[in-house]
Structure formats: structure tokens, C-alpha cells
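Student: My questions all concern the structure below.
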Amino acid sequence: MPLNIDIQQILLHMLNFTILFAALYFILYNPVKKIIDERNVKIDKAMADSEEKAKKADEIIKEYTEKLNSLETDFKEKFGKLESETAAKRSEIIAGANQKADSIIMDARARAQKEKEDIIQSAYSEIESLVEETAAKIVLGSTSEAYDMFLDDAGEGGE
Amino acid sequence: MTKKKKITSIVIFSVIIIALIAGIILTHGNKSGESITEIMTDAVLHEKGKISLFGIIEVNPGLISAFCVSGFLIISAVIIRIFAVPRFNDRPGRFQFLLEKAVGFFTSLANENSSVKPHFIGGYIFAAGIYIFVSTLFELFGFQAVTTAGHSVSLPAPLADINGAIAMGVLSYSVILIGGTINGGIGGMVNALKDFSLPISMSFRLFGALLSGALVTELVYYYAVTSYVLPVIVGVMFTVLHAVIQTYVLTMLVSTFYGESSKKKKIRNKK
């Protein structure tokens with residue numbers, strides 16, 4: 008054969024490589040591939056687990072955020088309500104207080120007016136009685152005595 | 634001038650003079666032994682340097698190299714399987730990482746190119762890749778064998794023997810053809826048969842690539858003047874580069890053609 012090609016030797020080479028292929032395939036390639044595949048499965052599982060956990064954590068965060076938001080809304084709502092109630096009560100109290108103060112002032116004024124009127128009335132009645140006494144004295148006694156009596160009476164009344 | 638400097642100068646001059654004398658002697662040329670034509674013809678054809686295989690038949694040294702490489706690889710695989718693989722764990726050490734990297738490389742090459750039975754073709758290209766790589770590096774060790782004529786020859790790379798390269802090419806083509814027929818049916822077989830030149834191109838690519846390295850190294854060794862330092866660079870460069878390149882080329886070609894020939898049935902099934 009040209010180029011020293013020898014069919015028998017080619018077959019021997021093929022036999023040699025076939026045996027080598029079988030040996031390497033079963034002894035080395037398959038076990039190592041199995042180890043790699045098992046580890047990849049483990050890694051994939053761990054990745055899937057971590058993704059699931061991350062997803063769950065996200066869901067929990069979302070849930071808590073929603074709860075927090077609703078609580079915040081509730082709080083704001085209640086606070087607003089309370090604030091308006093407080094404002095209403097405050098204004099009510101203030102109005103009551105003002106009304107009371109007004110009535111007190113009115114009472115005080117009325118009392119003061121009455122007292123003033125009473126004083127004036129008593130002053131009038133006193134003047135009236137003095138005038139009557141004076142007139143009587145004038146009629147009954149001398150004028151000087153009448154003046155003295157008037158002045159004495161007036162001095163006592165002023166004290 | 635100090636004593637130390639004197640000694641240094643004498644040593645330098647002595648080395649230069651010895652190198653010049655060696656150069657003068659070596660450039661005289663090789664005028665005895667085999668001619669370069671004979672050496673290179675023998676490196677290509679192995680017609681003279683036959684080795685007896687157990688006294689039954691006379692074979693090329695390449696076949697002995699192939700047996701040595703296969704024996705070494707099988708024994709190594711058995712040792713690794715018994716002592717190393719059971720200790721492998723989820724946190725790989727250096728050796729486990731290296732082995733997993735090799736297996737992972739060929740597996741991913743198979744997966745990328747073939748969607749049908751990538752596990753089988755991954756195993757095949759793993760074995761072929763390891764065999765080509767180790768057998769190409771094998772010639773660097775220069776193991777000696779005795780020919781039937783009583784001469785000593787350095788065992789070459791198994792694939793530098795035309796018979797070894799043809800065997801590898803034909804086997805790889807057979808895997809593609811059988812894989813195509815099983816997975817792709819008649820269409821897959823026809824698809825594989827269309828590339829009938831594939832075994833020839835695969836065989837001669839391997840043979841040519843590895844032989845070119847061997848021939849250049851022989852050429853460099855033949856002349857005394859180039860047989861110092863240079864063969865180390867040339868030999869290592871050709872051998873290592875060929876080991877890497879040919880491993881990649883053959884495994885990639887096999888996985889690609891296997892994927893091509895096995896693809897058709899899947900497309901039909903999808904339809």
C-alpha cells in the first residue's frame with residue numbers, strides 16, 4: 008500500500024482506541040460527569056431555594072409594608088378625627104366659658120346697678136327725711152338752731 | 634585589578650574560546666550515517682524501522698507508542714477512579730478542579746454542538762481529546778525501542794503514524810455516521826455520507842500536523858550546528874502547540890458534524 012498504509016495496523020490502532028475510549032468513558036468520564044451533575048443539581052436546588060426564600064421575604068416585606076401603610080392611614084384618620092373632636096370640644100368649652108363669663112358679667116352688672124339704684128334710693132330717702140326734718144325744725148324752732156341741727160345731721164350722715 | 638575580577642575575566646574568555654572552537658568543529662558538517670532524505674522518508678513512512686509486536690507481527694513504532702499511551706491512560710484512569718474520585722467533594726481541590734475542567738470542557742463542547750445524546754459524544758471527544766493530547770506530548774519523552782533490524786528508535790507520537798491517524802479519522806467518522814443514522818434516520822445517514830471526505834481530511838490533518846512537527850525536529854537535529862538549544866525550542870513549541878490545537882480541532886469537528894448529522898430527526902419530530 009502507498010504511504011505504508013497497513014489495514015492490519017489501522018485495525019490495531021482502532022482496537023486500541025476503542026478499548027481506551029470504553030475505559031475512559033466508564034472509569035473516568037461517567038463518574039466525574041455524575042459528580043459535576045450532582046453538584047449542579049445541588050447548586051440549582053440551592054439557587055431555587057434561595058430564590059424562593061427571597062421571593063417569600065419580598066412577599067413578607069410587601070405584606071408588612073401594606074400593613075404599615077394601612078396602620079399609618081388608620082392612625083392619620085383617627086388622629087384627624089380626634090383632632091377635630093378635640094377642636095370641637097375645645098371650642099364648645101371656650102364658648103361655654105365665654106357664655107358663663109358673660110352671664111357673670113351681666114349678673115355683676117345687674118347687681119352693681121341694683122346696688123347703685125339702692126344707694127341712690129337710700130340717698131334720696133335720707134335726703135328726703137332730712138329735708139322733712141329740716142322743714143319741721145324750721146317750722147318748729149329758730150333758724151339758727153335749725154341750721155345747727157341740719158349741719159350736725161349732715162355731718163353724721165356724711166361719716 | 635582584584636583577584637575576583639581576574640578569575641571572572643579568565644572564565645569569560647575561556648567560555649568564548651571553547652564556544653568558538655566548538656563552532657569551528659561543528660560547522661564542519663555531517664558527512665557520515667544516513668542522509669537527511671533517508672531519515673525524513675523513514676520518519677514519514679516507517680518502512681525500515683519496524684518493531685516486533687510480541688513476536689507475532691512487525692508494526693510501526695507509532696503503534697507501540699499508541700499501546701504505551703493507552704496503557705498509561707487506562708492505568709492512570711483506574712488509579713484516579715480508585716484513589717481520587719471517591720474523595721471528590723463539593724469543594725474541589727486542585728486535581729479535582731483540573732479533572733472537572735477537562736470533563737466540563739468536552740461536555741460543554743458536545744452540548745453546544747449536539748442536542749441529541751450529548752453525553753455519548755461528550756465521552757467520545759473526552760477520550761479522543763485526552764488521547765491526542767497525551768500521545769502528542771508522548772514524543773517529547775523520547776522513549777526508546779529496538780527495531781527488528783536491531784537499531785534503537787525513539788518512539789514517535791502515535792498519530793504521526795499514518796495508520797494511527799487514519800484509524801482516528803475513520804473511527805471519528807464512524808461515530809458521526811452511526812450517530813447520524815441512529816438519531817437522524819436515513820436523513821442523518823445521508824447527511825453524514827455527504828461529508829465522505831471527512832475521514833480523509835481528519836486523518837490527514839492529524840497526520841500532517843503531527844508529522845510536520847516531527848519532520849522539522851528531525852531536520853533540526855540532523856545538522857550538528859542546529860542541534861543545540863534550538864531543538865528544545867522547536868520540538869517543545871511544535872509538540873505542545875500541536876497537542877493543544879489538534880485536540881481542539883478534532884474534538885470540535887467531531888462534535889459539530891455529529892450534531893449536524895443528528896439534528897434532522899429532532900426537527901422532523903418537532904414538526
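The listed protein sequences correspond, in order, to chains A and B. Residue numbering for the first sequence follows the numbering used here, starting at 8 and increasing by one per position. Residue numbering for the second sequence follows the numbering used here, starting at 634 and increasing by one per position. Even glycine gets a Cβ: it sits at the ideal position worked out from N, Cα and C. Every value quoted in this text rests on a predicted model; they were computed, and no experiment measured them.
Is B:Arg714 close to chain A? Criterion is C-beta to C-beta, closer than 8 Å.
Tutor: By this cut-off, B:Arg714 is an interface position.
Student: Measure the beta-carbon distance from B:Phe837 to B:Ala798 and round it to whole angstroms, keeping in mind my assumption that it falls under 8 Å.
Tutor: Indeed they touch by this definition, with Cβ atoms about 7 Å apart.
Student: Find the nearest neighbour of B:Thr850 within the set B:Asp723, B:Met801, B:Asn744, B:Gly775, judged by alpha-carbon distance.
Tutor: Of the listed residues, the one whose Cα sits closest to B:Thr850 is B:Gly775.
Student: Could you check which residue in B:Lys637, B:Leu686, B:Phe890, B:Asn746 has the C-alpha nearest to that of A:Leu19?
Tutor: Looking at the Cα atoms, B:Leu686 is the closest of the given residues.
Student: Three-state secondary structure (DSSP) at B:Val677?
Tutor: Residue state, collapsed to three classes: helix.
Student: Just to make sure I have the definition right: I need the residues of chain B whose C-beta is within less than 8 Å of the C-beta of A:Ile68. Which are they?
Tutor: Result: empty, since nearest Cβ-Cβ is about 31 Å, beyond 8 Å.
Student: Based on Cα-Cα distance, which residue from A:Ile42, A:Asp114, A:Phe157, A:Val39 lies nearest to A:Glu133?
Tutor: Minimum Cα distance to A:Glu133 is reached at A:Phe157.
Student: Can you pull the chain A neighbours of B:Met801, defined as C-beta to C-beta under 7 Å?
Tutor: Within chain A, the residues near B:Met801 are Phe24.
Student: Cβ of A:Asn11 less than 8 Å from any chain B Cβ?
Tutor: Yes, A:Asn11 lies at the interface with chain B (some Cβ there is under 8 Å from its Cβ).
Student: The alpha helix (DSSP H) that contains B:Val862, what's its start and end?
Tutor: Per DSSP, B:Val862 belongs to no alpha helix (DSSP H) and is neither H nor E.
Student: If the cut is a Cβ gap below 9 Å, which residues of chain A does B:Ser703 touch?
Tutor: Those are Asn23, Phe24, Ile26, Leu27, Ala30, listed as they occur along chain A.
Student: What does A:Lys40 reach in chain B if we use C-beta pairs closer than 7 Å?
Tutor: Ordered by position in chain B, the residues that pass the 7 Å Cβ test against A:Lys40 are Val736, Thr740.
Student: Comparing the C-beta of B:Ile707 with each C-beta of chain A, is any distance below 8 Å?
Tutor: Cβ-Cβ to chain A under 8 Å: yes for B:Ile707.
Student: According to DSSP, which residues form a beta bridge with B:Ser787?
Tutor: B:Gln777, per the DSSP bridge assignment.
Student: Measure the Cβ-Cβ separation of A:Phe24 and B:Tyr764 and say whether it is below 8 Å.
Tutor: Cβ distance < 8 Å, so A:Phe24 and B:Tyr764 count as in contact.
Student: On the three-state DSSP scale, how would you describe A:Asp136?
Tutor: For the record, residue 136 of chain A in the displayed sequence is Ser; it is not Asp. If DSSP states are grouped into helix, strand and coil, A:Ser136 belongs with the helices.
Student: From this set, B:Ile697, B:Asn693, B:Ala760, which residue's C-alpha is nearest A:Leu27's C-alpha?
Tutor: Among B:Ile697, B:Asn693, B:Ala760, the Cα nearest to that of A:Leu27 is on B:Ala760.
Student: With a floor of 4 residues, list each alpha helix (DSSP H) that falls wholly inside the region 727 to 769 of chain B, ordered by position along the chain.
Tutor: Those alpha helix (DSSP H) runs which fall completely within the region 727 to 769 of chain B and span 4+ residues are 727 to 746.
Student: For A:Asp109, is the classification buried or exposed, using 16 other Cβ atoms within 10 angstroms of its Cβ as the cut-off for buried?
Tutor: Its Cβ having fewer than 16 others within 10 Å, A:Asp109 is exposed.
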